[in-house]
Amino acid sequence: MQEVSEFRMPKSVLYGRNSLEKLGEQSKKLGKRAFIVTDTIMEKLGYIEKCIQQLNKKGITVSTYNKVDAEPTNVHVLEALSLCKEEKCDFIIGIGGGSCIDAAKAVAVLYTNGGEVEDYVQKDIEIENNPLPLIAIPTTSGTGSEVTSVAVITNKKTDVKMMMKHPSFIPKVAIIDPVLTSSLPPEITAATGIDALCHAIEAYISKFSQPLTDVLALSAIESIMKYLRIAYEDGRNMEAREAMMIASLQAGIAFSNASVTLVHGMSRPVGALFHVPHGISNAILLPTVLEFTKTSAVKRLAKIGRSLNKDLYSNSDEEVANYTLGEIKKLCFDLRIPNLKKYGIDEIEFENAISKMALDAIESGSPANNPRVPSYDEIKELYRECFNYKYKEFIKTSNF
Numbered sequence: 024m025q026e027v028s029e030f031r032m033p034k035s036v037l038y039g040r041n042s043l044e045k046l047g048e049q050s051k052k053l054g055k056r057a058f059i060v061t062d063t064i065m066e067k068l069g070y071i072e073k074c075i076q077q078l079n080k081k082g083i084t085v086s087t088y089n090k091v092d093a094e095p096t097n098v099h100v101l102e103a104l105s106l107c108k109e110e111k112c113d114f115i116i117g118i119g120g121g122s123c124i125d126a127a128k129a130v131a132v133l134y135t136n137g138g139e140v141e142d143y144v145q146k147d148i149e150i151e152n153n154p155l156p157l158i159a160i161p162t163t164s165g166t167g168s169e170v171t172s173v174a175v176i177t178n179k180k181t182d183v184k185m186m187m188k189h190p191s192f193i194p195k196v197a198i199i200d201p202v203l204t205s206s207l208p209p210e211i212t213a214a215t216g217i218d219a220l221c222h223a224i225e226a227y228i229s230k231f232s233q234p235l236t237d238v239l240a241l242s243a244i245e246s247i248m249k250y251l252r253i254a255y256e257d258g259r260n261m262e263a264r265e266a267m268m269i270a271s272l273q274a275g276i277a278f279s280n281a282s283v284t285l286v287h288g289m290s291r292p293v294g295a296l297f298h299v300p301h302g303i304s305n306a307i308l309l310p311t312v313l314e315f316t317k318t319s320a321v322k323r324l325a326k327i328g329r330s331l332n333k334d335l336y337s338n339s340d341e342e343v344a345n346y347t348l349g350e351i352k353k354l355c356f357d358l359r360i361p362n363l364k365k366y367g368i369d370e371i372e373f374e375n376a377i378s379k380m381a382l383d384a385i386e387s388g389s390p391a392n393n394p395r396v397p398s399y400d401e402i403k404e405l406y407r408e409c410f411n412y413k414y415k416e417f418i419k420t421s422n423f
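First residue of the sequence shown: 24, per our numbering; consecutive thereafter.
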């Protein structure tokens with residue numbers, strides 16, 4: 024019998040082309056002094072100026088922090104927090120990729136509760152005061168941070184990615200405007216798209232999956248497998264961009280409720296120590312981790328395969344699970360996802376870091392959610408396999 028599960032979603036999601044134009048209207052409900060957390064790329068694209076214009080029309084004053092990098096750190100958070108307090112802002116807008124939105128979440132909770140990012144990493148944390156209201160505006164189709172209760176911030180001193188999680192971290196408003204993704208370069212489209220795929224697959228096979236997350240995860244997987252290549256090859260294809268935005272949102276809600284598993288658990292240390300973008304490290308790990316997991320997730324992987332190909336209902340679960348893995352590997356190959364060696368990581372440095380990465384992965388808690396829970400030594404070996412992974416060899420084994 025299905026155990027009682029709790030399912031959380033954002034309070035309000037505005038979706039559609041040019042939905043950014045609703046920012047001023049939504050902001051007026053939250054406060055009078057906005058604090059934007061973003062990066063310099065968003066400024067160069069003109070998105071921040073558009074936001075400021077929308078806000079000023081509603082009589083809202085604006086302050087901006089634009090120094091977030093590809094991997095947000097506790098230093099970014101504290102810098103932004105200091106400015107936010109100095110300007111006496113009463114709500115926050117995070118616009119950009121998941122890094123900007125995660126940093127905005129951290130600022131929102133520290134503003135009202137004090138302390139350091141590290142204080143909010145342990146499980147079952149208690150948040151005494153509600154964070155500042157947050158509007159999240161994603162400009163990539165991948166992280167799903169605009170609808171999740173999670174923020175990942177890197178500790179600059181320890182090179183450890185710290186995961187903050189609490190229901191109050193879910194933004195009050197998410198504005199999903201696919202037009203904002205049309206300028207994404209192919210490599211970012213690929214990395215963020217595979218990140219969304221990881222969210223969906225991990226949510227679906229997680230020990231904490233539930234019927235509501237299953238529906239969202241499967242729908243997201245189907246859309247990503249259909250539209251990610253199209254968005255990668257033609258960034259101006261709005262049908263593909265729209266589908267990817269919806270899939271990212273679905274996957275975000277799914278994993279926020281069901282949790283991620285081994286891919287993300289192993290990915291965070293790679294990103295923290297070798298500064299590999301989150302989506303890329305997930306993409307590099309995904310095929311190898313699914314191969315490891317397959318024996319304990321055959322039925323689930325087969326359900327994914329049958330959702331992708333309706334002609335496979337008469338095939339065995341084992342055959343269809345292999346088909347699923349083959350399709351994922353083909354996608355990664357078509358998107359030119361490198362292995363860790365081709366990404367430019369020194370093999371000796373990587374080997375020397377494997378023990379720490381394996382320990383950090385286990386301590387994150389995510390591997391324990393995997394259908395097949397790896398040992399410390401198995402994680403180390405999986406890292407080694409990913410370093411020289413060759414997609415072509417595995418693609419040739421597909422019988423479909």
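For every residue, glycine included, the Cβ atom is placed at its ideal position computed from N, Cα and C.
From which residue to which residue does the alpha helix (DSSP H) around residue i run?
{"i": "Phe-278", "result": "261–281"}
{"i": "Lys-326", "result": "321–331"}
{"i": "Leu-37", "result": "Where Leu-37 is concerned, there is no enclosing alpha helix (DSSP H), although the beta strand (DSSP E) it sits in stretches over 35–38."}
{"i": "Pro-292", "result": "285–297"}
{"i": "Ser-50", "result": "46–50"}
{"i": "Gly-302", "result": "301–316"}
{"i": "Pro-95", "result": "No alpha helix (DSSP H) holds Pro-95; DSSP gives it neither H nor E."}
Classify residue i as buried or exposed, calling it buried when 16 or more other Cβ atoms lie within 10 Å of its own Cβ.
{"i": "Gly-120", "result": "buried"}
{"i": "Lys-128", "result": "buried"}
{"i": "Gly-345", "result": "Residue 345 is actually Asn in this sequence, not Gly. Buried: at least 16 other Cβ atoms inside 10 Å."}
{"i": "Gly-165", "result": "buried"}
{"i": "Thr-347", "result": "buried"}
{"i": "Ser-271", "result": "buried"}
{"i": "Asn-422", "result": "Residue confidence is low: Asn-422 scores 48 on pLDDT, short of 50, so the model does not pin down where it sits. Its coordinate-derived value is still stated next. Its Cβ having fewer than 16 others within 10 Å, Asn-422 is exposed."}
{"i": "Ser-387", "result": "buried"}
{"i": "Glu-370", "result": "exposed"}
For residue i and residue j, what's the separation of their Cα atoms in angstroms?
{"i": "Arg-407", "j": "Arg-291", "result": "16 angstroms"}
{"i": "Ser-35", "j": "Cys-123", "result": "19 angstroms"}
{"i": "Met-24", "j": "His-222", "result": "Note on Met-24: pLDDT 43, under 50, position unreliable in the model; the coordinate value appears next. So the alpha carbons of these two residues sit roughly 25 angstroms apart."}
{"i": "Thr-284", "j": "Glu-225", "result": "6 angstroms"}
{"i": "Ser-172", "j": "Asp-383", "result": "21 angstroms"}
{"i": "Glu-141", "j": "Met-185", "result": "7 angstroms"}
{"i": "Gly-82", "j": "Leu-354", "result": "47 angstroms"}
{"i": "Gln-233", "j": "Asn-260", "result": "33 angstroms"}
{"i": "Ile-385", "j": "Ser-337", "result": "38 angstroms"}
{"i": "Lys-80", "j": "Gly-54", "result": "14 angstroms"}
{"i": "Lys-230", "j": "Ala-320", "result": "10 angstroms"}
{"i": "Cys-74", "j": "Val-343", "result": "47 angstroms"}
{"i": "Asn-178", "j": "Asn-97", "result": "6 angstroms"}
{"i": "Phe-417", "j": "Leu-241", "result": "Caution applies to Phe-417, whose pLDDT of 46 falls short of 50 and renders its modelled position unreliable; the model cannot decide the point."}
With the cut-off set at 8 angstroms, would you say residue i and residue j are in Cβ contact?
{"i": "Val-144", "j": "Leu-104", "result": "no"}
{"i": "Glu-169", "j": "Ala-214", "result": "no"}
{"i": "Arg-252", "j": "Ser-205", "result": "no"}
{"i": "Val-183", "j": "Leu-133", "result": "no"}
{"i": "Ser-86", "j": "Leu-68", "result": "no"}
{"i": "Leu-157", "j": "Tyr-70", "result": "no"}
{"i": "Pro-161", "j": "Phe-192", "result": "no"}
{"i": "Asn-280", "j": "Phe-30", "result": "yes"}
What is the residue span of the beta strand (DSSP E) that residue i lies within?
{"i": "Lys-184", "result": "183–188"}
{"i": "Ile-59", "result": "56–60"}
{"i": "Thr-215", "result": "Here Thr-215 belongs to no beta strand (DSSP E); instead the alpha helix (DSSP H) covers 209–228."}
{"i": "Asn-178", "result": "173–178"}
{"i": "Val-140", "result": "Careful: Val-140 lies outside any beta strand (DSSP E) and carries neither H nor E."}
Between residue i and residue j, which are expected to be in contact by the criterion C-beta below 8 angstroms, what is the C-beta distance as a whole number of angstroms?
{"i": "Cys-112", "j": "Ala-57", "result": "6 angstroms"}
{"i": "Pro-390", "j": "Gly-288", "result": "4 angstroms"}
{"i": "Phe-356", "j": "Leu-363", "result": "Phe-356 to Leu-363, Cβ: 16 angstroms. No contact."}
{"i": "Leu-331", "j": "Met-248", "result": "6 angstroms"}
{"i": "Ile-351", "j": "Leu-313", "result": "7 angstroms"}
{"i": "Glu-66", "j": "Asn-89", "result": "6 angstroms"}
{"i": "Met-267", "j": "Ala-254", "result": "5 angstroms"}
{"i": "Thr-163", "j": "Leu-220", "result": "Going by Cβ atoms, the distance from Thr-163 to Leu-220 rounds to 13 angstroms, so no, they are not a contact pair."}
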